[in-house]
Structure formats: structure tokens, C-alpha cells
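Novice: Pasting a structure below so you can have a look.
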Amino acid sequence: MKKILLLSDTHSHIDDVILKYVEQADEVWHAGDIGNLKVTDTIKNLKPLRGVYGNIDDDKARMEFPLNNRFFCEGVDVWITHIGGYPDKYNQDVRAEINKNPPKLFICGHSHILKVQFDKKLNLLHMNPGACGKYGFHQVRTMLRFEIDGDKIQSLEVIEIGKK
-7 MKKILLLSDT HSHIDDVILK YVEQADEVWH AGDIGNLKVT DTIKNLKPLR
43 GVYGNIDDDK ARMEFPLNNR FFCEGVDVWI THIGGYPDKY NQDVRAEINK
93 NPPKLFICGH SHILKVQFDK KLNLLHMNPG ACGKYGFHQV RTMLRFEIDG
143 DKIQSLEVIE IGKK
């Protein structure tokens, strides 16, 4: 079993509240718009990190992180990308592949809107953790925490960090 902390859209912001949750996780996944790599470097010093770059990220982030990150965590096929859309409205850059070969868990960021939704057509779980940075139109900073046990995704929690 692995405890996962999922965050996105840090926009160069990292603080002790985020790091408290990083410490409690087995792995941290970042769904893009990292901003300054000090964010991911700080996380990597504490826990294993998987991530993708986002539309605001510079060439340094793009050299370190892929646009799409597809991997298995235990028995779950995971796909993380920054701009992915959501069920019935997937981004055109992922639409063909997600329809042809859907993962069990599809994760994206970008919208700054926390959303967890099951896609019945593709039999996958879609997650967007919202934004935990201080830049953007969101009012409350959010992250997601969950466990992967074999092929099960369980114990999902919404973490509200507070106002930005």
C-alpha cells in the first residue's frame, strides 16, 4: 500500500503546511505548473516525487519533468498530465490515446478547480487536486490524499490548506 499526496499549480510556492502533508505521504505527485524548481527540489529531499511540467514552467522544468507521465503504482495504471480536461471533455492532445488505451487513474491540473469524477464510459477515475499555490483565481488552496493498495484506489481525502 502507498499513501499518495497529489498536488498541482504551486506556481513557485511551497510552505510548512504543504510540507507537513508531504512528510505523511509515501510518494508525492505533482500535476504541473511547478514554477520555481525549488518546490520540487524541496519535496524530493523528503519523499519520492513524480510529476509533469505545466504551461507556465520554463525549460529547466521541461528538462526535468515530462509533459505526460504514465506509470504503474502497485496495480494501478496512472497517467498524469497538466492540461487534460475531464470526462466527456478531454483535451484534444490526450483524447485519442485516452479513448484507445485508458488508464485506471487519470490526473491533471491547470484549472485550479478541485474535481474528482468517475468516467463511466472509459471506466477510469479522474482527479484534479485544484491548486495549492497562491497565484490564480482559486479562493482556497487544495490538495488530495489517497491510498493505492494493489489495484484499489481508496481513502480519498480533500485537503483544504486555507485561503490564499
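Under this note's numbering, read the sequence shown as residues -7 to 156, first letter to last. Glycine included, C-beta positions come from ideal geometry on N, C-alpha and C.
Is the distance from the Cβ of Pro79 to the Cβ of Lys112 below 9 Å?
Specialist: yes
Novice: Using the Cβ count rule (16 or more neighbours within 10 Å means buried), how would you classify Ser0?
Specialist: Its Cβ being crowded by 16 or more others within 10 Å, Ser0 is buried.
Novice: Per the DSSP calculation, Gly77 is bridged to which residue(s)?
Specialist: Tyr82
Novice: Does any C-beta atom of chain B lie closer than 9 Å to the C-beta of Lys126?
Specialist: Absent here is chain B; the protein component of the structure consists of one chain.
Novice: Nearest CA to the CA of Gly154: which residue from Leu(-2), Ile(-4) and Asp7?
Specialist: Looking at the Cα atoms, Asp7 is the closest of the given residues.
Novice: Run through DSSP, which three-state label would Gln131 get?
Specialist: coil
Novice: Per DSSP, Met119 forms a beta bridge with which residues?
Specialist: Ile99 and Val108
Novice: For Pro40, is the classification buried or exposed, using 16 other Cβ atoms within 10 angstroms of its Cβ as the cut-off for buried?
Specialist: exposed
Novice: Throw me the rounded Cβ distance for the Pro121 and Leu97 pair, which I believe falls under 8 Å.
Specialist: Not quite, the Cβ-Cβ distance comes to about 12 Å (not below 8 Å), so this is no contact.
Novice: Beta-carbon within less than 7 Å of Ile145's beta-carbon, same chain only, minus the 5 sequence neighbours each way: which residues are those?
Specialist: Val68, Leu97, Leu117 and Phe138
Novice: Looking at C-alpha atoms only, which residue of Lys156, Gly77, Arg42 and Met119 is the closest neighbour of Ile99?
Specialist: Met119
Novice: How long is the line joining the alpha carbons of Phe63 and Asn93, rounded to whole angstroms?
Specialist: 13 Å
Novice: Below 6 Å CB to CB, which residues in the same chain sit around Ser4 once its five sequence neighbours on both sides are set aside?
Specialist: Gly27 and Asn28
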